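A quick write-up on the structure given underneath.
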Amino acid sequence: MDLGLRDRVYLVTGGSKGLGFATASALVAEGARVVITGRSEESVAVSAAELGAVGVACDNADPGTPGRLLAAAREAYGRVDGLLVSVGGPPPGSVTAATDEQWRDAFESVFLGAVRLAREVAAQLGEGGSIAFVLSSSVRAPIGTLGISNGLRPGLAMVAKSMANELGPVGVRVNGLLPGRIATDRMASLDAQSTPDQRTATLATIPLGRPGEPAEFGRVAAFVLSPAASYLTGVMLPVDGGMLPGL
Ligand SMILES: NC(=O)c1ccc[n+]([C@@H]2O[C@H](COP(=O)([O-])OP(=O)(O)OC[C@H]3O[C@@H](n4cnc5c(N)ncnc54)[C@H](OP(=O)(O)O)[C@@H]3O)[C@@H](O)[C@H]2O)c1
4 MDLGLRDRVY
14 LVTGGSKGLG
24 FATASALVAE
34 GARVVITGRS
44 EESVAVSAAE
54 LGAVGVACDN
64 ADPGTPGRLL
74 AAAREAYGRV
84 DGLLVSVGGP
94 PPGSVTAATD
104 EQWRDAFESV
114 FLGAVRLARE
124 VAAQLGEGGS
134 IAFVLSSSVR
144 APIGTLGISN
154 GLRPGLAMVA
164 KSMANELGPV
174 GVRVNGLLPG
184 RIATDRMASL
194 DAQSTPDQRT
204 ATLATIPLGR
214 PGEPAEFGRV
224 AAFVLSPAAS
234 YLTGVMLPVD
244 GGMLPGL
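Printed below as a string of structure tokens:
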């Protein structure tokens, strides 16, 4: 199947590592061009060179970020066809322990940053444009150790669904991706805070019996962003090896 990605141009925030990098890699492998971001200038430069992409060091929480990325894409490639919003996840901890400052910081980068990026990029997309948010299985079921994620992700999922309704009439699709446990740096650092018994118990909740590889997530995300998924919008798609217990 041809995904129709050749020469299309995508912005991928948080694309220097993890799920964003895996998605950028899959897009590039299918002939797309990408602009990737991350806050660390060094890691953006290394990953952009590996992908043959444009790299921009910036923070999703910064109101200037969407404008900078749109300008970078236009200057390098002359067009923009879509956006993947990934970003560092909220800090671990229970709802009862999270401070106001942690909620505010996470809201700025994870929530408002994503909404602003999607809104400003959507305004520049034409028929066939596509936006996807990297969310979490916490959209549908709380994760014990991630109270702030449990609070923010379901709201973002409804933002994505609302945008799908608002932008469908102009031919722009909006979807959410719900990773379960994919083997990235973030997952490794969360795992380092749990015991071997806890990790074994978590793996036992995954019907496929293993964490996902970033490339397995990246291929799904690239398909959702691509013209091959032209009738898919307003969907929250788990990429979790069957981990979520309900539909
Ligand atoms: N991996 C999983 O299984 C899983 C499961 C559920 C949900 N998620 C969510 O999916 C998202 C991506 O996870 P991941 O595993 O790919 O994480 P990761 O391996 O830590 O990668 C995060 C990427 O985002 C960049 N980033 C972090 N904060 C940023 C900011 N404020 N502005 C711009 N870029 C930023 C990082 O680069 P810099 O640090 O240089 O900025 C890096 O490129 C997270 O929100 C995570 O909570 C992941």
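Quick note: the sequence shown, position 33, residue 36 per the numbering used here, numbers continuous. Glycine included, C-beta positions come from ideal geometry on N, C-alpha and C. Values in this document were obtained by computation on a predicted structure and should not be read as measured data.
- Beta bridge pairing from DSSP links isoleucine 39 with Val15, Gly58.
- Bounds of any beta strand (DSSP E) do not take in proline 69; it lies within the alpha helix (DSSP H) bounded by 68-80.
- In the DSSP assignment, arginine 176 falls within the unbroken beta strand (DSSP E) covering 176-182.
- For isoleucine 185, no beta strand (DSSP E) encloses it, and the DSSP letter there is neither H nor E.
- Contact between isoleucine 185 and proline 210 does not hold, since their C-beta atoms are separated by about 15 angstroms, which reaches or exceeds 8 angstroms.
- Positions of the alpha helix (DSSP H) runs, each at least 4 residues long and wholly inside the segment 112-148, are given as 116-125 in order along the chain.
- DSSP, read as helix, strand or coil, puts leucine 159 in helix.
- Annotated three-state conformation of glycine 92 is coil, per DSSP.
- Inter-segment contact for the segment 169-179 and the segment 130-143 is present: three or more beta-carbon pairs are separated by less than 8 angstroms.
- Beta-carbon to beta-carbon, glycine 55 and glycine 18 are separated by about 13 angstroms, too far to satisfy the 8 angstroms threshold.
- If the five residues before and after proline 66 are omitted, its C-beta is found closer than 8 angstroms to the C-beta atoms of Arg119, all from its own chain and listed in chain order.
- Taking 3 residues as the shortest admissible run, the segment 175-249 contains the following complete beta strand (DSSP E) segments, listed from N- to C-terminal end: 176-182, 239-242.
- Close CB contacts of proline 95 within its chain, under the 8 angstroms cut and outside five residues either way in sequence, are with Thr148, Leu149, Leu193, Gln196 (chain order).
- If you check the C-beta of alanine 144 against ligand 1, you find no heavy atom less than 7 angstroms away.
- Serine 43 has its CB nearer than 7 angstroms to a heavy atom of ligand 1.
- With 16 or more other Cβ atoms from the protein chains shown falling within 10 Å of its own Cβ, serine 89 counts as buried.
- Beta-bridge pairing by DSSP links glycine 85 to Tyr13, Ser133.
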